[in-house]
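Novice:
Residue numbers (this note's numbering): 1 to 427.
1. Could you compute how far the alpha carbon of residue 336 sits from the alpha carbon of residue 21?
2. Apply the 10 Å Cβ neighbour rule to residue 289 and answer buried if 16 or more other Cβ atoms are within range, or exposed otherwise.
3. If I follow the unbroken beta strand (DSSP E) through residue 358, where does it start and stop?
4. For residue 61, which option in 75, 362, 278, 40 has the closest C-alpha, if you only look at C-alpha atoms?
5. Among the candidates 67, 73, 69, whose CA atom is the shortest distance from the CA of residue 57?
6. Give the list of continuous alpha helix (DSSP H) stretches no shorter than 4 residues that lie fully inside the segment 128 to 200.
7. Could you give the C-beta distance for residue 254 and residue 225, rounded to a whole number, given that I count them as a contact under 8 Å?
8. I need the straight-line Cα distance from residue 88 to residue 110, nearest angstrom please.
9. Less than 7 Å between C-beta atoms, sequence neighbours within five positions excluded: which residues of the same chain meet that for residue 334?
10. Count the other CB atoms, across all protein chains shown, that sit within 10 Å of the CB of residue 67; report buried if there are 16 or more and exposed otherwise.
11. Considering residue 300, what are the terminal residues of the alpha helix (DSSP H) in which it resides?
12. Evaluate residue 102 with the Cβ neighbour count: other Cβ atoms within 10 Å of its Cβ, from every protein chain shown; 16 or more gives buried, anything less gives exposed.
13. Between residue 258 and the rest of its own chain, which residues show a CB-CB distance below 6 Å, the 5 nearest in sequence each way excluded?
14. Name the two residues that bound the continuous beta strand (DSSP E) containing residue 15.
15. What first and last residue would you give for the beta strand (DSSP E) that runs through residue 364?
16. Looking at the strands, I want to know which residues DSSP matches up with residue 272.
17. Can a CB atom of chain B be found closer than 8 Å to the CB of residue 118?
18. Looking at the secondary structure, which residues open and close the alpha helix (DSSP H) in which residue 279 lies?
19. In chain order, what residues of the same chain lie with their CB nearer than 7 Å to the CB of residue 138, ignoring the 5 residues before and after it?
20. Report the residue ranges of all beta strand (DSSP E) runs contained in full by the segment 55 to 110; include only those spanning at least 3 residues, in chain order.
21. Can you find at least 3 beta carbon pairs, one from the segment 227 to 242 and one from the segment 312 to 331, that sit closer than 8 Å?
22. On the DSSP letters alone, give me the boundaries of the beta strand (DSSP E) that residue 24 sits inside.
23. Rounded to the nearest angstrom, what separates residue 430 and residue 316 at their Cα positions?
24. Bridge partners of residue 48, per DSSP?
25. Classify residue 55: buried if its beta carbon has 16 or more other beta carbons within 10 angstroms, exposed otherwise.
Structural data, given as structure tokens:
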């Protein structure tokens, strides 16, 4: 797999190079999608997974570009990896909206599941999940994945959590969306709708679409998020007064934008390992060249005003949104000082509740189970407090793990999982 040029943010082109070398040749030059993974079926045939919007497809093609064909159409499962095993058997790793990743085999044009890692899930009710298509304010066609509240009733409006993905050269898929970073079916079971917007700059729709926001950070790409909320309100599902936003990395950037620039639209915000100051971020990240090549396309000294206006803290005086900020203390990608800057600014302004949580020993995302559990419970509690609960002052800074895990003893909580600072209007 390769990229078309230095500014292509994701290697999603299916390319071959002759055994004697030479220039790579794109086997699918007109593909408005992204190739996610591949394997050799035999000496002359490649099989590959292609991300098409929120779905995936399994296909095959000869090494000379001929005999392209679909092996497993989009919509059945979401494919993560493939293995063309000896003897012609094709093994798949895939997931669905109602089950996380399992092993499948390809059989007669369909995916046959071979493993069941969690039998308990078969006893649960799941909320409906679907791809929602809508248009941005400038007419650009967009889509995202909606998880309805578990007991959804047509005509009733529900609180909504918007979960923008990171990257932005990434996208969410119409498969299993519940995890420590993602509210998914857990929030749905509590009567909250959850929407995963694949805003402009996402992958899955070709190179041009993934490049569309370069040199324009926080511009139309983050307008797309509010446009998605407006669409869900217009179709009668979302309650515009009870909308939260929560994301990690670039999604944390979007959440920081939501609590500042677009504060009037959000009742709660949770930026995780997110960017708050585009200027200081360039001086503390481990990927400054990538930030130039596929994000800003300019250096600080070339346009200071651009970076200033792409910084959520530049609009901090707009903040009226209760904000829970979380970060790993050892994050090399987005330094934890980004969260400290946002916290300190909002605390000094003292216009809305703000809380800061640092995770010792964690990086760009939490790896330890204790830190993941703390994050999942702490963020869910914040959203419930401000979207379906009393609001006002923040919930208690201590998380009662046993209240969420009835079989656990209270003293089993890992006291070192997180260190917390409470800001304006906090206990």
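Think of the CB as a built atom: it goes at the ideal place given N, C-alpha and C, for glycine as much as any other residue.
Specialist: With the structure as the only source:
1. Counting from one through the chain shown, the residue named residue 336 turns up at place 336. Counting from one through the chain shown, the residue named residue 21 turns up at place 21. Residue 336 and residue 21 have their C-alpha atoms spaced approximately 44 Å apart.
2. For the purposes of this step, residue 289 is identified with residue 289 of the chain shown, where counting begins at 1. The residue in question, residue 289, is exposed, as its Cβ has fewer than 16 Cβ neighbours within 10 Å.
3. Residue numbering aside, residue 358 sits at position 358 when the chain shown is read from its first letter. Its beta strand (DSSP E) spans residues 354 to 359.
4. In the chain shown, residue 61 corresponds to position 61, counting from 1. Scanning 75, 362, 278, 40 for the CA closest to the CA of residue 61 turns up 40.
5. Counted from its first residue, the chain shown places residue 57 at position 57. Nearest of 67, 73, 69 to residue 57, Cα basis: 73.
6. You should have 184 to 188.
7. Taking the chain shown and counting its residues from 1, the one referred to as residue 254 is at position 254. Taking the chain shown and counting its residues from 1, the one referred to as residue 225 is at position 225. At roughly 6 Å, the Cβ-Cβ gap stays under 8 Å, so residue 254 and residue 225 are in contact.
8. Taking the chain shown and counting its residues from 1, the one referred to as residue 88 is at position 88. Taking the chain shown and counting its residues from 1, the one referred to as residue 110 is at position 110. Inter-residue distance for residue 88 and residue 110 is about 15 Å (C-alpha atoms, whole angstroms).
9. Numbered from 1 along the chain shown, position 334 holds the residue referred to as residue 334. Correct list, in chain order: 249, 273, 274, 275, 281, 285, 364.
10. Along the chain shown, one-based indexing puts residue 67 at 67. Around the beta carbon of residue 67, fewer than 16 other beta carbons sit within 10 angstroms, so the residue counts as exposed.
11. What you label residue 300 is simply residue 300 of the chain shown in a count that begins at 1. Careful: residue 300 lies outside any alpha helix (DSSP H) and carries neither H nor E.
12. Locating residue 102 in the chain shown gives position 102, where the first residue counts as 1. Around the beta-carbon of residue 102, 16 or more other beta-carbon atoms lie within 10 Å, marking it buried.
13. In the chain shown, counting from the first residue as 1, residue 258 sits at position 258. For residue 258, where only same-chain residues beyond five positions count, the Cβ hits under 6 Å are 245, 266, 269.
14. The residue you call residue 15 lines up with position 15 of the chain shown. Counting along the chain, the unbroken beta strand (DSSP E) around residue 15 starts and ends at 15 to 18.
15. Position 364 of the chain shown, counting from 1, holds the residue named residue 364. Premise fails: residue 364 is in no beta strand (DSSP E) and is neither H nor E.
16. If you number the chain shown from 1, residue 272 lands on position 272. Paired residue(s): 248, 326.
17. The structure shown contains no chain B; it is built from a single protein chain.
18. Here the question's residue 279 lines up with position 279 in the chain shown. If you look at residue 279, you'll find it in the alpha helix (DSSP H) that goes 278 to 282.
19. Here residue 138 refers to the residue found at position 138 when the chain shown is read from its first residue. Closer than 7 Å at Cβ, skipping near neighbours: 220.
20. The segment 55 to 110 contains these whole beta strand (DSSP E) runs: 55 to 62, 69 to 72, 78 to 84, 90 to 96, 99 to 107.
21. Segments in contact, no.
22. For the purposes of this step, residue 24 is taken as the residue at position 24 of the chain shown. Run containing residue 24: 21 to 26, per the beta strand (DSSP E) assignment.
23. Because the chain in this structure spans residues 1 to 427, residue 430 falls outside the shown range and cannot be described.
24. As a working mapping, residue 48 is identified with position 48 in the chain shown. The bridge partners DSSP lists for residue 48 are 38, 59.
25. As a working mapping, residue 55 is identified with position 55 in the chain shown. Classification of residue 55: buried, given that the 10 Å Cβ count is 16 or more.
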